[in-house]
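So the sequence lines, in the order shown, correspond to chains A and B.
Positions 1 to 219 (our numbering) are the ones given, in order, by the first sequence.
Positions 1 to 211 (our numbering) are the ones given, in order, by the second sequence.
By construction, the Cβ of each residue, glycine as well, lies at the ideal position given by its N, Cα and C atoms.
Here the structure is a predicted model, which is why all the values come from computation and not from measurement.
Below is one structure; the comments refer to it alone.
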Amino acid sequence: MIALFLRDLKLSMRAGGGALIGVLFFMTVVAVVPFAVGPDLNLLSRIGPAILWIGALLASLLGLDRLFQAEREDGSLDLMLMQEVPLVLTVLVKCLAHWTATGLPLVIAAPLLGLFMNMSEVAIGATMLTLLVGTPAITFIGATGAAVAVTLPRGGLLVSILVLPLAIPVLIFGVSAAYAAVQDPVPFLPPLLILIAITLFFAVIGPLAAALALRSASD
Amino acid sequence: MPIRLRVEGLSAKRGEDLIFHDISFVLAAGEALIVTGPNGSGKSTLLRVLAGLLTPESGTVRMDDTVADIGHPRELCHYLGHRNAMKHELTVEENLSFWKSFMGDSVGGSGIGIEEATEALGLAGISHLPFGYLSAGQQRRMAMAKLLVAYRPVWILDEPTAALDAAADRLFAGLVERHLAAGGLVVAATHQPLGVTARELRMTGFAGVEA
């Protein structure tokens with residue numbers, strides 16, 4: 001399993017892997033917002049956490065459709081389906097590798113982009129923390145979408161459409177936790193805990209559903 | 001290690017059409033079965049059913065007399081399909097060592113090292129190259145090295161020798177021969193003779209089969 005994790009990491013770092021595409025997209029989206037909104041610093045800092053979250057959500061959807069499709073195209077998926085290792089575990093490890101390659105860079109890039117949005121240190125820290133615990137959920141949900149669309153040649157947009165409604169709770173609780181950290185009377189912990197719960201929930205359901213979809217999609 | 005592949009009354013559908021119907025055979029340790037027939041007669045479908053990648057319409061695939069308990073017969077099989085299951089971006093060595101540790105060995109044998117495996121395929125010394133740099137024939141041979149690095153008693157081969165030159169053909173026949181001599185099983189679909197003594201299963205499309 002460690003071998004699979006390392007292989008997927010290597011693949012996403014090498015040419016055409018697209019680990020950095022997500023971060024670049026994230027930066028582009030967030031960097032454009034101040035130009036569109038104008039130099040109203042108060043407004044920027046108010047919408048900052050929400051913009052960062054929207055950017056991160058869209059960026060993490062970007063490479064998801066290739067998660068299983070690339071494996072299917074070169075026949076690796078067939079071999080993965082045949083092993084003694086439970087398919088659920090294989091999917092889980094692939095999700096973790098995908099998140100490490102594409103989700104973690106988003107979390108790391110978030111503070112820099114927070115500065116663009118004139119956010120306070122506390123808001124930046126809170127947004128980073130919510131992204132750290134929230135983005136894995138998007139990957140797990142996305143894996144299910146990617147598995148359902150694995151046989152479709154242009155499944156990218158379909159995956160996003162399938163995944164977005166399920167990812168809305170992640171967005172809601174991620175943003176509300178980030179806001180709760182800066183707006184005083186609102187408690188920070190409950191939305192954060194719910195966010196963690198959502199991630200853990202999808203860490204179980206996502207790979208399970210994806211494995212089922214992959215089994216029935218094989219042809 | 002007495003192992004037997006028992007197939008009973010197998011039939012499979014693609015979409016609405018029955019591809020083949022009521023295929024039964026028993027393959028004992030050290031035996032090979034060559035599946036022949038014209039294009040579209042269902043050779044690949046049969047192999048994918050044997051590998052557990054397609055669910056049969058009816059019938060069963062079983063492994064008898066195995067030493068250990070297994071969940072599903074497919075776990076004892078190597079499947080070498082049309083596609084090589086190797087990543088073009090990674091080097092040959094990275095590819096093979098990944099499959100070696102990911103697949104592990106079945107009970108009753110152990111895979112050989114990556115250097116030995118590439119040597120056995122006659123391609124020693126180029127395992128540091130990215131897989132995508134190799135020619136089609138070399139890629140195919142490297143994909144065959146997968147059969148050697150992780151041990152499986154049953155090899156399911158779909159057109160294994162397409163894109164191979166005559167020398168590589170003989171080399172591969174030798175590997176199959178050795179696998180059979182060690183008590184392995186081989187099921188192969190092919191148009192060219194494999195160069196090993198084997199039983200033959202002729203697929204004739206939906207007219208039925210003559211074993």
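Closer than 7 Å to the CB of L180/B there is not a single CB belonging to chain A. Residue-level contact check: G81/B touches chain A, since one or more beta carbons of chain A fall below 7 Å from its beta carbon. Exposure of P2/B is indicated by the presence of fewer than 16 other C-beta atoms within 10 angstroms of its C-beta. Using a Cβ distance threshold of 7 Å, R83/B and G75/A count as a contacting pair. Short of 7 Å from the beta carbon of A109/A, and not among the five residues preceding or following it, lie these beta carbons of its own chain, in chain order: V23, F26, M27. Interface flag for R74/B against chain A is set, since a Cβ pair is found closer than 7 Å.
With contacts defined as CB atoms closer than 7 Å, G111/B and Y79/B fail to qualify as a contacting pair. Here DSSP, grouped into helix, strand and coil, assigns I112/B to coil. Every alpha helix (DSSP H) stretch that sits fully inside the segment 92-177 of chain B and reaches 4 residues is listed by chain position as 92-103, 114-120, 136-149. For S101/B, the nearest CB of chain A lies under 7 Å from its own CB, placing it at the interface with that chain. Distance between L67/A and V149/B, taken at the CA atoms: about 26 Å. With contact defined as three or more Cβ pairs closer than 8 Å, the segment 25-44 of chain A and the segment 85-101 of chain A are not in contact. With respect to G52/B, S11/B sits apart: the two C-beta atoms are not nearer than 7 Å. Measuring C-alpha to C-alpha distances from L171/B to each of E93/B, L121/B, A145/B identifies L121/B as the nearest. For the segment 34-51 of chain B, residues whose beta-carbon sits nearer than 9 Å to a beta-carbon of chain A comprise R48, A51. Assignment of H72/B by DSSP, reduced to helix, strand and coil, places it in the coil class. Secondary-structure assignment with DSSP links E8/B through a beta bridge to T60/B. Linking E75/B to V33/A through their CA atoms gives a straight-line distance of about 53 Å.
Neighbours of D74/A in chain B, taken as residues at a C-beta separation under 8 Å, are given in chain order as R83, N84, A85, M86, K87, H88. Rounded to the nearest whole angstrom, the C-alpha separation of Q138/B and F131/B is 9 Å. One finds nothing in chain B with a Cβ atom closer than 7 Å to the Cβ of K94/A; even the nearest lies about 12 Å away. Under the DSSP definition of a beta bridge, I34/B partners with A188/B, E200/B. Per the C-alpha coordinates, the member of P153/B, V154/B, G174/B positioned closest to T161/B is G174/B. At a cut-off of 7 Å, the C-beta of F131/B has no neighbouring C-beta in chain A. The alpha carbon of L200/A has as its nearest neighbour, out of P165/A, G134/A, G114/A, V30/A, the alpha carbon of G134/A. Taking a 10 Å sphere around the C-beta of E71/A, we find 16 or more other C-beta atoms and assign the residue as buried. A177/A is positioned such that its CB atom lies no closer than 7 Å to that of P187/A.
Considering only A167/A, V30/A, T102/A, A209/A, the residue with the shortest C-alpha distance to V148/A is A209/A.
Rounded to the nearest angstrom, the gap between the Cα atoms of A50/A and E94/B is 41 Å.
The closest CA to that of I196/A, considering only L11/A, P153/A, G174/A, is found on G174/A. Your pair A101/A and L9/A checks out as a contact, with CB atoms roughly 6 Å apart and the cut at 8 Å.
The beta carbon of L67/A sits no closer than 7 Å to any beta carbon of chain B. In the three-state scheme derived from DSSP, where H, G and I count as helix and E and B as strand, K87/B is classed as coil. For F20/B, no chain A residue has a C-beta closer than 9 Å to its own C-beta; the minimum C-beta separation is roughly 16 Å.
What E94/B touches in chain A, judged by beta-carbon distance under 8 Å, is R7, K10, going in chain order.
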